Ligand SMILES: [Zn+2]
C-alpha cells in the first residue's frame, strides 16, 4: 500500500521525483558527540522547513499546506486510515518519507494524538514515526500531523540500547530508560502494550516544564514497533532554535533541530554549514535546545514520585 504510493508519486510528480533523486546523491558526514553518532546531511530541499516562519502572524498569512484542499494537484492522498491522510513528503530526508496529517485542521498537540502515533508505528512496521512539537521544529504548528521515515536510517534507532544508563521507573508492562547521551537528554519508553506506553508517556508529559502561553511542554518524539514492543524516544526541549540560527557572520548556521536531528541526522540546507559544522557545534546546539542537567534530573524525580 505505502510502497505503491511512494512509487506512484515518484513516477508522476516531478517535484517528488527530482527531490528523491537528489537525496540519493546528498553529501553526508559523520561526527561523534559523547560516543553518540551524529550524521550530517547536506539537504538543500529542506531550506523551506528549516527557514519556515512559524510565528502566529506568519502562519495566518499563508494557506495551510497540510489541509487537503490546498495540496498540490499531483499529490495523491491515501485516506484509508481513520481520521488521517497519508502523503509522500516531497522534501525528503529519508529514502522513504511520509507526512501524516489529521484530516481536520486542528492545532499540533501530542496528548490527544499520542495513541494514534502508537497505532501508526504498529501499522507501518518498516517505519519510524515522529512528532515535532509546535515550537520544536514543526513547520505546520497549526495542523496536527506526524511524519514517518524508513527504519535503518536514524543512528538512535540502531544504537539506543548501547547508551542505556539505567532504568528511571518500571511498571508491569513497561520501563523508562535514561541514556548516557549528554548533552542530549533522551528518555526512552519501552512498552509491551499501548496502555503501558500511555501511562509512562503521561508521567513524562506531566513532569516536563511548561512555559507560560505554550499549549504543551516542548518536545520531540520518535517511536517504532519492534520485537513485540513499542520504543518511544522523548526529547524534552528547552529552546526552539539554537543561537547559531540567528547569529550573524561566521557563527551563523541555518539549523533548526527537530526529531530527526535529535535522533542523529543533523540537516544542513546550506553547503557552507555542512562544510564547517563540527562535533563541538553539535554539542553546543544540543546543550542549548535540550534540558539542562538540573532540569532533566527534576523531571526524572517527578516521574519517580508519580509512579513508584
Ligand atoms: Zn490545515
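Residue numbers (our numbering): 631 to 938. Heads up, the beta-carbon is just placed ideally off N, CA and C, and yes, glycines get one too. Please read all numbers here as calculations on a predicted model, not as lab measurements.
Does the Cβ of residue i have 16 or more other Cβ atoms within 10 Å, making it buried, or fewer, making it exposed?
{"i": "residue 903", "result": "buried"}
{"i": "residue 893", "result": "buried"}
{"i": "residue 797", "result": "exposed"}
{"i": "residue 743", "result": "buried"}
{"i": "residue 898", "result": "buried"}
{"i": "residue 679", "result": "buried"}
{"i": "residue 775", "result": "buried"}
{"i": "residue 911", "result": "buried"}
{"i": "residue 784", "result": "buried"}
{"i": "residue 938", "result": "exposed"}
{"i": "residue 856", "result": "exposed"}
{"i": "residue 935", "result": "exposed"}
{"i": "residue 704", "result": "exposed"}
{"i": "residue 879", "result": "exposed"}
{"i": "residue 919", "result": "buried"}
{"i": "residue 662", "result": "exposed"}
Judging by CA-CA distance, which residue of the options is the nearest neighbour of residue i?
{"i": "residue 915", "options": "873, 894, 773 and 900", "result": "873"}
{"i": "residue 735", "options": "812, 698, 931 and 925", "result": "698"}
{"i": "residue 691", "options": "770, 761, 894 and 930", "result": "770"}
{"i": "residue 853", "options": "678, 910 and 816", "result": "816"}
{"i": "residue 681", "options": "754, 818, 887 and 665", "result": "887"}
{"i": "residue 727", "options": "913, 921, 632 and 839", "result": "632"}
{"i": "residue 693", "options": "772, 648 and 658", "result": "772"}
{"i": "residue 850", "options": "864, 838 and 856", "result": "864"}
{"i": "residue 868", "options": "719, 813 and 732", "result": "813"}
{"i": "residue 833", "options": "878, 842, 741 and 676", "result": "741"}
{"i": "residue 718", "options": "935, 925, 640 and 848", "result": "640"}
{"i": "residue 847", "options": "831, 668 and 857", "result": "831"}
{"i": "residue 793", "options": "802, 777, 896 and 818", "result": "818"}
{"i": "residue 696", "options": "686, 685, 683 and 714", "result": "714"}
{"i": "residue 664", "options": "645, 938, 935 and 909", "result": "909"}
{"i": "residue 866", "options": "716, 924, 880 and 937", "result": "924"}
{"i": "residue 646", "options": "660, 671 and 706", "result": "706"}
{"i": "residue 708", "options": "686, 721, 725 and 733", "result": "733"}
{"i": "residue 763", "options": "757, 737 and 862", "result": "737"}
{"i": "residue 786", "options": "861, 875, 766 and 879", "result": "861"}
{"i": "residue 791", "options": "806, 777 and 828", "result": "806"}
{"i": "residue 972", "options": "826, 809 and 684", "result": "In this structure the chain extends from 631 to 938, so residue 972 is not present and cannot be described."}
{"i": "residue 672", "options": "716, 921, 885 and 922", "result": "885"}
{"i": "residue 701", "options": "666, 720 and 845", "result": "720"}
Tell me, please, which residues DSSP counts as bridged to residue i.
{"i": "residue 851", "result": "761 and 864"}
{"i": "residue 663", "result": "666"}
{"i": "residue 731", "result": "775"}
{"i": "residue 770", "result": "Its beta-bridge partners do not exist; DSSP assigns none."}
{"i": "residue 590", "result": "For residue 590 there is no data in the structure shown, the boundaries of the chain being 631 and 938."}
{"i": "residue 920", "result": "867"}
{"i": "residue 707", "result": "Residue 707 is not bridged to any residue."}
Relative to ligand 1, is the shortest distance from any of its heavy atoms to the C-beta of residue i smaller than 6 Å?
{"i": "residue 914", "result": "no"}
{"i": "residue 870", "result": "no"}
{"i": "residue 874", "result": "no"}
{"i": "residue 694", "result": "yes"}
{"i": "residue 775", "result": "no"}
{"i": "residue 713", "result": "no"}
{"i": "residue 743", "result": "no"}
{"i": "residue 735", "result": "yes"}
{"i": "residue 697", "result": "yes"}
Is it the case that the CB of residue i approaches a heavy atom of ligand 3 more closely than 6 Å?
{"i": "residue 793", "result": "With respect to ligand 3, the structure offers nothing, as its ligand set consists of ligand 1."}
At least three beta-carbon pairs within less than 8 Å, the stretch 919 to 938 to the stretch 830 to 846: Yes: the two stretches touch, three or more of their Cβ pairs being nearer than 8 Å.
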